[in-house]
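To start, the structure under review is shown below, and the notes come after it.
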Amino acid sequence: MARELKINIRDWLDDQGIGYREKADGNITLDSCPGCGKSQKLGIMTDTGVWSCFVCKAENGEYDSGNFAKFVKNYLDISWKKANEIVYGKYNEVKKISFDEIMDESPEERYREQYKEELKKVEYWKYMEVLNKNSHKSAWDYLNGRGISDEDIEKMNLRTVPFDNYLDAKKYYEENGIKDYAHSLALLAGRISFPVIVNKKLLGLVSRDYTGKLNPKVLNSEGPFRKVGLWNYDNAKDSDSLILCEGNTDAIKCGIDRSVAILGKVLNKGQLSLIKKTKATKIYLALDFDVFKAKNELYRQLSAKYPDIYHVDMPPIYKLNFKISKKTIDFLKKVLNKKEEDFVLKPDELKIDLFDLDNIKILLKREGDPEIKEELQNLLKCDYKDPGDYSKKEMEEIIANAKKMGASISLD
Ligand SMILES: [Zn+2]
Numbered sequence: 019m020a021r022e023l024k025i026n027i028r029d030w031l032d033d034q035g036i037g038y039r040e041k042a043d044g045n046i047t048l049d050s051c052p053g054c055g056k057s058q059k060l061g062i063m064t065d066t067g068v069w070s071c072f073v074c075k076a077e078n079g080e081y082d083s084g085n086f087a088k089f090v091k092n093y094l095d096i097s098w099k100k101a102n103e104i105v106y107g108k109y110n111e112v113k114k115i116s117f118d119e120i121m122d123e124s125p126e127e128r129y130r131e132q133y134k135e136e137l138k139k140v141e142y143w144k145y146m147e148v149l150n151k152n153s154h155k156s157a158w159d160y161l162n163g164r165g166i167s168d169e170d171i172e173k174m175n176l177r178t179v180p181f182d183n184y185l186d187a188k189k190y191y192e193e194n195g196i197k198d199y200a201h202s203l204a205l206l207a208g209r210i211s212f213p214v215i216v217n218k219k220l221l222g223l224v225s226r227d228y229t230g231k232l233n234p235k236v237l238n239s240e241g242p243f244r245k246v247g248l249w250n251y252d253n254a255k256d257s258d259s260l261i262l263c264e265g266n267t268d269a270i271k272c273g274i275d276r277s278v279a280i281l282g283k284v285l286n287k288g289q290l291s292l293i294k295k296t297k298a299t300k301i302y303l304a305l306d307f308d309v310f311k312a313k314n315e316l317y318r319q320l321s322a323k324y325p326d327i328y329h330v331d332m333p334p335i336y337k338l339n340f341k342i343s344k345k346t347i348d349f350l351k352k353v354l355n356k357k358e359e360d361f362v363l364k365p366d367e368l369k370i371d372l373f374d375l376d377n378i379k380i381l382l383k384r385e386g387d388p389e390i391k392e393e394l395q396n397l398l399k400c401d402y403k404d405p406g407d408y409s410k411k412e413m414e415e416i417i418a419n420a421k422k423m424g425a426s427i428s429l430d
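Each residue of the sequence shown is one higher than the last, beginning at 19 in my numbering.
This is the structure:
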C-alpha cells in the first residue's frame, strides 16, 4: 500500500520551478520531462504521487515511472532515505505486534515454552505450602523488605514450595508421593507464588523469585489467565475505586484492598468485563503507556461507563533496594523516623553488607534530609557521597569503620 504523502506535489513542483499543466481528471503533466525533455509526456497522479513518462518508458530512461520519492531522488540526486523523508516524512510508522508476540520474545516466555506442559497443570497448587512467617522466613523477609506488611501478605493467599532450590524440592515431593507434579513444583522452588483468583477460582500463578538468583525473576503458569484474569480481583472488587496496575508489585504498592494487576500492558476484553463487574465508580490507571495506542484505547473502553478515570504516575523502582535485608530496613526506619534519639546502635543491630550500604546511600539521597546525611556520616565515619562515587579504597575504609562498630560485613 502506498504511504501517505507528507508534501503537496503541486507545491513541491512550484518550489522547484517545475512547470506543469492541469488535466481534466485532476492529475498533471509536466511541461518538460527531466529525462527526455519532452512536453506533457510525464504524468503525475497528484493524490498518490505515482508518475510515468511514455517516452522515457519506451526508451528505458531514468524517468520511466515510479512513486514520487523516486522522482525526487532522481531530480535532486539524493539518497533514497532523504527522498523518502521529503515525500513521506520520517519513517516511524508503528508496526503492529500482538501482546503474545512481545511476550514470546522475553526470557520468561521462552522458559515457559520450555516447561509448557509442567506449568499448565496449576492443580499442583494444592501441594504448595501456604506462605507462613515462621516456616518460610526468607520468602517472608523478602516481602517485608519490599515494604509489604504481614497483614497484606496474609490477604494475598500466597504459596511456596518447601525448598528454595530445584533438586531439594523435587526430591521432597517425590518422596512424599507427589511424583506427577514434582517437576512442576520444583520449578517454583525459590519463588513466591501469587495466585490469580477470580471469583474464588484459581486461574493461574505468578511466581516471583525471592532468592535474587533465579532467572527469569517472574514465572507465570500456562493458560489464558492473563487474558481473562486480574490479579487480586477478589480482594479489590468491592472497593468504590479501582487502581489498574501492570504487575502485582505495583498493585501491592497501591494497596491490595483496591488494586488489581492486568499482568501486562494490554487490557483484554475478558479483563474489561471483569472490571465492569466490580463496585468501582472511579478508575485509576497506574499503567506505563510508552508503547502503542493502548492508552487511548483503554480510555475509550472505560470512558463509556466511568466518568472519572485518572492516570497515576508510579514512583520509579530502585533496583538496588532489592538486596536490602530486613535488618537494614528496620535500621533505616529507625534512622529515617528518628525514633532513636542519638542513633546509637548496638553492634548486632547493624549487620549490613555492601549492597545495603549502597541502598542506604540511595535512600538517604532520596530522603534529601541534610540532618540524616550528617548522621550517616557520623555513623560510617566517612564523607557522604552519591552512589557510585566511592573508590575501592574508600569502600574498604567504610567497611573497616563499620567493622570497628561491630557490623558484620559480607563481600559477596
Ligand atoms: Zn521523459
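Glycine included, C-beta positions come from ideal geometry on N, C-alpha and C.
Asked	Found
Continuous alpha helix (DSSP H) stretch holding Y251: start and end	251-254
DSSP-derived helix/strand/coil call for E147	strand
Test item: CB-CB of I25 and Y38 under 8 Å	no
Cut-off 6 Å between Cβ atoms - residues of its own chain near T296, not counting five sequence neighbours on either side	K255, L260
Reduced DSSP category for I215 - H, G, I as helix; E, B as strand; rest coil	strand
Complete runs of the beta strand (DSSP E) confined to the region 68-98 [at least 3 residues]	69-71
Rounded separation between N233 and V216 - CA only	28 Å
Short Cβ contact (8 Å threshold) for E264 with K235	no
Check: G282 C-beta below 7 Å from any heavy atom of ligand 1	no
C-alpha gap between D198 and N238, whole angstroms	19 Å
Coil, strand or helix - Q34 by DSSP	helix
Three-way DSSP call (helix, strand, coil) for I274 in this model	coil
One or two residues paired with V224 in a DSSP bridge	F212, N238
First through last residue of the beta strand (DSSP E) which encompasses A304	300-304
C-beta atoms of V262 and I274 nearer than 8 Å	First, the residue type needs correcting, since residue 262 is Leu and not Val in the sequence shown. Cβ distance not < 8 Å, so L262 and I274 don't count as in contact.
Inter-stretch contact at 8 Å, needing at least 3 Cβ pairs: the region 175-183 / the region 146-166	yes
Cβ-Cβ separation, K188 to G208 (assumed contact under 8 Å), whole Å	Not really, about 13 Å apart at Cβ, beyond 8 Å.
Euclidean distance between Cα positions of N152 and Y324	44 Å
Cβ-based burial, P242 [other Cβ within 10 Å; buried from 16]	exposed
Residue(s) in a DSSP beta bridge with T267	Bridge partners of T267: none, in fact.
Backbone CA spacing between N92 and D43 [nearest angstrom]	26 Å
Three-way DSSP call (helix, strand, coil) for Y190 in this model	helix
DSSP bridge partner residues for T296 (one or two, in chain order)	The partner list for T296 (beta bridge, DSSP) is empty, contrary to what the question assumes.
Paired residues, beta bridge with T178 - DSSP	E147
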